[in-house]
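Residue numbers (the working numbering): 1072 to 1201.
All C-beta atoms in this analysis are idealised placements derived from N, C-alpha and C, irrespective of residue type, glycine included.
These numbers come from a predicted model, not from an experiment.
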Ligand SMILES: [Fe+2]
Ligand SMILES: [Fe+2]
């Protein structure tokens, strides 16, 4: 996965920094090693909790109008990550985790930034002026 400025850069420094970190951790996985994918998923899970709690604290601080939908989407992703990690002790679970990691996570990242995070970032910008 590549951090692409045209798609992923939201021009909100803290959010951009966190999103770049996500891509960096994600790219550290070795697809030939399921152990590596499991470790990176754990690392991403911890990183994502911090990522989301930062965004959610900004939503709360500035009364973001669609925080409920955005927070629900965050919860969904954390539950998914946790679900696939918990399943990863069986061989079918390892295949599922690998597929999730390779396909679903990058798709989610793209869509979430393009839809929800870009809206949040532009909302927050109005409070940064001056
Ligand atoms: Fe985000
Ligand atoms: Fe978000």
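Here DSSP, grouped into helix, strand and coil, assigns residue 1072 to coil. DSSP places residue 1099 outside both helix and strand once states are collapsed to three, so it counts as coil. Counting only residues of its own chain and dropping the five nearest sequence neighbours on each side, residue 1190 has no CB closer than 6 Å to any other CB. Placement of the Cβ of residue 1118 at a distance of 8 Å or more from every heavy atom of ligand 1 is found.
By the C-beta criterion, the region 1080-1092 is judged to be in contact with the region 1119-1133, since at least 3 inter-stretch pairs fall below 8 Å. Judged by DSSP secondary structure, residue 1185 falls outside any alpha helix (DSSP H); it is assigned neither H nor E. A check of alpha carbon separations from residue 1172 across 1196, 1145, 1110 and 1080 identifies 1110 as the nearest. When only Cα atoms are considered, residue 1078 and residue 1195 end up about 18 Å apart. DSSP, read as helix, strand or coil, puts residue 1115 in helix.
The beta carbon of residue 1115 lies closer than 6 Å to those of 1096 in the same chain, with the five residues before and after it left out.
Rounded to whole angstroms, the Cβ separation of residue 1155 and residue 1112 is 7 Å, and the two are in contact under 8 Å. Residue 1177 sits in a helix when the DSSP states are folded into three classes. Assignment of residue 1167 by DSSP, reduced to helix, strand and coil, places it in the helix class.
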